[in-house]
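When you line the sequence shown up against this note's numbering, it's residues 799 to 860, in that order. Below is one structure; the comments refer to it alone.
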Amino acid sequence: MHGVDGLRVVDASVMPYVTNGNIYAPVMMLAEKSDDLILGNTPLPPVEVEFYQHRAANGPHS
799 MHGVDGLRVV DASVMPYVTN GNIYAPVMML AEKSDDLILG NTPLPPVEVE
849 FYQHRAANGP HS
């Protein structure tokens, strides 16, 4: 592209394998991560959160 200094392009060509289905979300995740790396942003610290975990019901069919 002419006339756009410092333009960087992130696309799905960096993925080692083609994902199944729509690749919009994985490409957006790559772009966001690349943006953080280019700007020198430090990653956020990991956060432990509780989540729902299915448990088998106690009954004759379990």
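C-beta atoms are modelled at their ideal positions from N, C-alpha and C, and glycine is treated no differently.
(request) If I'm right that L828 touches V808 with Cβ under 8 Å, what's the distance once you round it to whole angstroms? (result) About 5 Å separates the two Cβ atoms, so the contact holds.
(request) Would you kindly report the start and end of the unbroken alpha helix (DSSP H) that includes L837? (result) Looking at the DSSP string, the run of the alpha helix (DSSP H) that includes L837 is Y822 to L837.
(message) Helix, strand or coil, according to DSSP, for A810 in the structure here?
(response) Here A810 sits in helix by DSSP.
(request) Give me the Cα-Cα distance between H852 and V816, rounded to the nearest whole angstrom. (result) Each residue's CA atom was taken as its position, placing H852 and V816 some 31 Å apart.
(request) Pick out whichever of N820, N839 and D803 has its Cα sitting closest to the Cα of A810. (result) Checked all of N820, N839 and D803; the closest Cα to A810 is N820.
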